[in-house]
Amino acid sequence: MSLSSKYTLTPLLLLLLNGCNGGGGNDASEPQTPNNHPPIAIAGINQHVKLSEKVVHLDGTGSVDYDQDSIAFSWKMVSKPFKSKAELINPESRTPRFEPDLLGTYLVELVVNDGKTDSRPNQVKIEVIREDENTPPTIKFTKDKYTGNLTQQINLNTRPQDIDGDKLSFTWEVLSHPQGSNYSIAKSTVYDFNSIKADTEGNYVVKVTAFDGFSEASATTTASFFYKNVPPHAEVDGSMFWVLDNMSVPLNGTPSGDANGDVLTYEWHFTKKPNGSSAVIDDPYAVLTSFSPDISGDYVVSLTVNDGEFSDSHSVGVRVRAISESQPHTKLTRGSDTTPLRLPHKQNDVIDKTSDTGPIPNYYTLDSYTFEAVGKPITITLGKYTLSSSSDDVTPRILVGSQSYFSKDLQDNDVIIVIPAGDSLTFQLQSPPTNGKVAKASMGFSWSLNGPNDFSMVERISTTIEFTSR
């Protein structure tokens with residue numbers, strides 16, 4: 012139990028006892044104003060200080076008055092070492108101080124008054140020690156009790172202190188917990204904070220011990236878990252696509268979740284589609300489904316998830332622009348496959364060439380994309396972030412026709428490539444041999460049908476290949 016709790020409980024108990032005795036009796040103490048609650052003095056925590064520190068600061072700011080009355084402070088030195096001449100400075104302030112002049116114990120008492128009643132006195136002890144004497148650390152939790160929903164972890168924070176500047180290590184223990192509960196708490200000795208996760212409602216008493224290599228100090232707190240159902244969270248994978256008419260559009264609700272772990276039901280529905288469209292969602296109640304736009308225009312599909320009590324809808328939804336093949340557009344294909352890709356396109360692959368036989372090439376082609384400009388020119392910009400590698404020993408390149416581009420070529424100035432309407436151009440991501448090392452090569456860039464610097468979040472491509480070779 013922290014000191015603040017210790018000194019708080021005593022006045023509260025006194026109030027209860029007074030309440031039991033009623034308003035009469037032969038109590039000889041100072042009469043209290045009806046309905047007035049006596050203030051509570053809290054003189055702070057005990058301290059160990061070196062004589063060389065010269066000044067001891069006291070802190071009564073934790074004192075309280077539940078009637079919200081202003082309180083006056085009165086500190087006095089109750090005892091001090093024999094022949095000490097130490098006196099309190101500003102004894103009527105919240106934070107007085109004194110200058111210890113001898114080794115030993117100084118006992119200081121605080122009484123607060125709300126204008127009607129004095130509090131019970133509260134004392135704080137200051138041990139003044141030699142310079143070469145170890146001072147035990149101190150530690151306390153920032154709260155006597157932490158509360159939280161079982162759906163989340165409870166974060167525990169402490170305030171450790173070692174006036175010698177010794178490095179502290181920490182041990183964490185759960186002293187008690189509800190029967191049959193499972194909990195987890197980190198065992199790290201480095202950090203003065205921690206978190207606890209549990210599966211059962213109730214109180215978990217947590218103890219932390221700080222050790223400075225010579226002495227230790229401990230504190231306890233209570234983590235109280237309750238259960239409350241919270242709404243699920245609707246989320247989709249991929250919020251915007253450009254496709255050609257009748258191209259299948261995937262709908263993926265797997266990023267949705269429920270903090271309580273409840274089983275979710277899913278419902279997809281159109282919130283917008285072009286006039287005259289008869290497009291339908293293949294399975295509107297599946298977490299993974301799709302639809303095919305039947306005419307050109309904009310489609311918006313929303314997802315609602317339900318945990319049996321609460322529901323949540325994805326606020327943005329999946330936005331799809333369907334483009335007719337007769338309209339100006341970018342026809343993007345990958346490798347030898349002539350099927351147009353949805354935009355934007357993201358690719359992640361693993362290629363292992365370590366078992367290949369025969370001559371080792373100067374470069375391996377890891378991925379390739381062909382851009383066909385339909386109806387309008389395509390302007391592609393290669394910049395400083397277009398090409399990257401996870402290994403300093405492996406330097407990939409982009410091969411455009413017969414022209415090679417390395418990352419160093421793109422650091423200072425962008426490279427603008429224009430594909431005239433009706434033409435096509437292939438971009439290849441290539442890597443030299445890796446000599447058995449694993450290296451990731453990445454290529455990504457944007458383009459536009461309206462000239463340079465007119466890009467959208469959809470007209471873009473990214474590919475990352477984890478590559479190993481002889």
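According to our numbering, the sequence shown holds residues 12 to 481 in order.
No residue lacks a Cβ here, since even glycine has one placed at the ideal position from N, Cα and C.
Member of the options whose CA lies at the smallest distance from the CA of residue i
i, options, result
"K419", "L398, V429 and I428", "L398"
"S233", "L179, D76, D155 and S180", "Note on residue identity: the sequence assigns Thr, not Ser, to residue 233. Checking every option, the nearest Cα to that of T233 belongs to D155."
"P388", "I427, S401, E120 and Q422", "I427"
"V89", "L114, D404, E64 and I137", "I137"
"I334", "S289, A384, D318 and L255", "L255"
"P50", "K65, D125, P92 and G71", "D125"
"V312", "D248, T116, N271 and K364", "D248"
"Q338", "G433, T392 and L410", "G433"
"N464", "D425, N101 and G455", "D425"
"N317", "A221, D348 and S267", "S267"
"I196", "V216, S180, K284 and S400", "V216"
"G213", "T231, A221 and T158", "T158"
"L314", "P304, G328 and G308", "G328"
"S366", "F438, P444, E98 and D80", "P444"
"K94", "G115, P102, D76 and T106", "G115"
"Y296", "L275, V139, T282 and D305", "L275"
"D173", "K208, V241, S226 and N160", "S226"
"Y310", "G394, K61 and R332", "R332"
"S81", "F417, I306, H59 and S104", "S104"
"V67", "D112, V429 and A452", "D112"
"A452", "R481, Y375 and M468", "Y375"
"Q164", "L99, I140, F236 and G224", "F236"
"M454", "A384, V75, N461 and S442", "S442"
"Q58", "V75, P102, D175 and Q79", "D175"
"L460", "D403, A384 and D423", "A384"
"D404", "N359, G386, P285 and A450", "A450"
"D323", "V241, P285 and G386", "V241"
"Y202", "G224, F417 and P171", "P171"
"Q358", "D423, I100 and F456", "F456"
Under 8 Å between C-beta atoms of residue i and residue j
i, j, result
"F382", "T341", "yes"
"T128", "N47", "yes"
"Y277", "V260", "no"
"W458", "T350", "no"
"V135", "G55", "yes"
"R131", "L69", "no"
"V361", "E470", "no"
"D210", "N193", "yes"
"S8", "E142", "The requested residue 8 does not occur in the structure, where the chain is confined to residues 12 to 481."
"P243", "F321", "yes"
"A270", "T392", "no"
"R330", "M251", "yes"
"P448", "T406", "As written in the sequence, residue 448 is Lys, which differs from the Pro given in the question. Taking 8 Å as the Cβ cut-off, K448 and T406 do not qualify as a contacting pair."
"A97", "Y77", "no"
"F181", "T220", "yes"
"F222", "L179", "yes"
"W279", "T300", "yes"
"A531", "N133", "The chain is shown only over 12 to 481; residue 531 falls outside these bounds and no answer can be derived."
"N257", "D305", "yes"
"E343", "Y380", "This sequence places Leu at residue 343; Glu is not what is there. In contact: L343 and Y380 (Cβ atoms closer than 8 Å)."
"T231", "F204", "no"
"K65", "I140", "no"
"G462", "L421", "no"
Contact belief for residue i with residue j at Cβ below 8 Å, rounded distance in angstroms
i, j, result
"L167", "S199", "Incorrect: roughly 12 Å between the Cβ atoms, too far for contact."
"I472", "H325", "Not a contact, Cβ separation roughly 25 Å."
"D348", "T474", "Incorrect: roughly 14 Å between the Cβ atoms, too far for contact."
"R408", "S401", "With 8 Å as the limit, R408 and S401 do not qualify as a contact, their Cβ atoms being about 15 Å apart."
"L436", "G412", "7 Å"
"G319", "D363", "Not quite, the Cβ-Cβ distance comes to about 46 Å (not below 8 Å), so this is no contact."
"E184", "K218", "5 Å"
"L352", "W253", "In fact, because the Cβ distance is near 10 Å, the residues do not count as touching under 8 Å."
Minimum Cβ-Cβ distance from residue i to chain D less than 8 Å
i, result
"P171", "Any reference to chain D falls outside this structure, which holds one protein chain only."
Pair every Cβ in the region 75-85 with every Cβ in the region 107-123, then say whether three or more of these pairs are closer than 8 Å. yes
Touch check for the region 289-297 and the region 368-378: three-plus C-beta pairs under 8 Å? The region 289-297 is not in contact with the region 368-378.
Would the region 182-195 count as touching the region 145-160 if we require 3 or more Cβ pairs under 8 Å? Taking a cut-off of 8 Å on C-beta distances, the region 182-195 does not touch the region 145-160, as fewer than three cross pairs fall below it.
Note down, one range per segment and in chain order, each alpha helix (DSSP H) of at least 4 residues found wholly within the region 68-148. none
Length-filtered (3 minimum) beta strand (DSSP E) runs lying within the region 213-237: 213-222 and 227-237
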